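Residue numbers for the sequence shown follow UniProt numbering, beginning at 1 and rising by one.
Positions of the beta carbon are idealized from the N, C-alpha and C atoms, including for glycine.
Source: prediction; values computed, not measured.
These notes concern the structure reproduced below.
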Amino acid sequence: MSSIGPLVVVHGGGRDVDTEMATRGIPKHAVDGLRVTDADTLDVVVGVLAGRVNTQLVAAAGAAGVAAVGLTAADAGVTPVQRAAPYVAADGTMVDLGFVGQPTGDERPELLGRLSAAGFVPIIASIGADSTGQLLNVNADTLAGHLAARLRAFRLLIAGGTAGVLDEDGQTITSVGEELLERLIADGRASAGMVAKLIACREARRGGVRKIEIIDGTRTTSLDGRPGTTVGGSATTD
Numbered sequence: 001m002s003s004i005g006p007l008v009v010v011h012g013g014g015r016d017v018d019t020e021m022a023t024r025g026i027p028k029h030a031v032d033g034l035r036v037t038d039a040d041t042l043d044v045v046v047g048v049l050a051g052r053v054n055t056q057l058v059a060a061a062g063a064a065g066v067a068a069v070g071l072t073a074a075d076a077g078v079t080p081v082q083r084a085a086p087y088v089a090a091d092g093t094m095v096d097l098g099f100v101g102q103p104t105g106d107e108r109p110e111l112l113g114r115l116s117a118a119g120f121v122p123i124i125a126s127i128g129a130d131s132t133g134q135l136l137n138v139n140a141d142t143l144a145g146h147l148a149a150r151l152r153a154f155r156l157l158i159a160g161g162t163a164g165v166l167d168e169d170g171q172t173i174t175s176v177g178e179e180l181l182e183r184l185i186a187d188g189r190a191s192a193g194m195v196a197k198l199i200a201c202r203e204a205r206r207g208g209v210r211k212i213e214i215i216d217g218t219r220t221t222s223l224d225g226r227p228g229t230t231v232g233g234s235a236t237t238d
């Protein structure tokens, strides 16, 4: 994909984090796809995402001939992050997410622009830091939507575990318009993980990103126009 223009990759690594937490005997807590992060969980998240997963992705990109650079959101002000306010869950309850960060600001990230101009592909782990230097866990979909808006990207691809947004029968909704997008976020019909993706899509659209798709991240053929959901058009189902 880097052949069609500058490319920035944002990643999480929830399954790897879950595996490491289980190994350490740390219970997992999540709300609407957002991980509740205490100090022990944060230690795992930073080590797994900024260490193992990011390095593996950079190495894989290099093996494929891509000049990739591994980063976190904390590097050289990729994006300012502040500790997230208590979260209002889909069921209306208020939840303290702990050491979870929310991207802020609307300025264009200078470092990413310089790397892209020099022909490098930034691969960014979803770890940020607030103004005091406190590391924070940032939802990867949230970070991707925010950076897409700040970079004034033409296209945003969000990869998940299904072929886009699914309806009640498990069929892909090929296009989600503004009205359906808000309903899916508000009424709990979308899965917990999908809610975070839809919110990220909404931020990207508000930031001027023209083409937004949610695709099946388990299939490389999804990049070739295979089933997925385009966010912003009228609602249709395969």
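Annotation: the continuous beta strand (DSSP E) that includes Q102 extends over 101 to 103. Three or more Cβ pairs closer than 8 Å define a contact, and the region 209 to 219 meets that threshold against the region 142 to 161. In the DSSP assignment, T229 falls within the unbroken beta strand (DSSP E) covering 228 to 231. For R150 and L111, the gap between their C-alpha atoms comes out near 13 Å.
Put simply, of V36, Q134, T79 the residue whose alpha carbon is nearest the alpha carbon of D106 is T79. Within its own chain, the residues whose Cβ lies closer than 6 Å to the Cβ of A129, once the five positions on either side in sequence are excluded, are A74, L135, listed in chain order.
Between the alpha carbons of A84 and D141 lies a gap of roughly 15 Å. Residue pairing by DSSP puts G160 in a beta bridge opposite D216. Between F99 and N139, the C-beta spacing is not below 8 Å. Judged by DSSP in its simplified three-state form, N139 adopts coil rather than helix or strand.
Under the three-pair Cβ rule at 8 Å, the region 10 to 23 counts as touching the region 32 to 50. In the structure shown, the three-state DSSP call for L7 is coil. Using a Cβ distance threshold of 8 Å, A68 and I158 do not count as a contacting pair. Taking a 10 Å sphere around the C-beta of T162, we find 16 or more other C-beta atoms and assign the residue as buried. DSSP places G70 in no alpha helix (DSSP H) but in the uninterrupted beta strand (DSSP E) bounded by 68 to 72. Considering only A190, L180, G145, the residue with the shortest C-alpha distance to D91 is A190. At the C-beta level, M194 and G160 come within 8 Å of one another. DSSP lists V9, G70 as the beta-bridge partner residues of I123. Relative to A196, the option among R52, A89, L115, G170 whose CA is nearest is A89. For R83, the uninterrupted beta strand (DSSP E) segment begins and ends at 81 to 83. Bridge pairing for K28: absent [DSSP].
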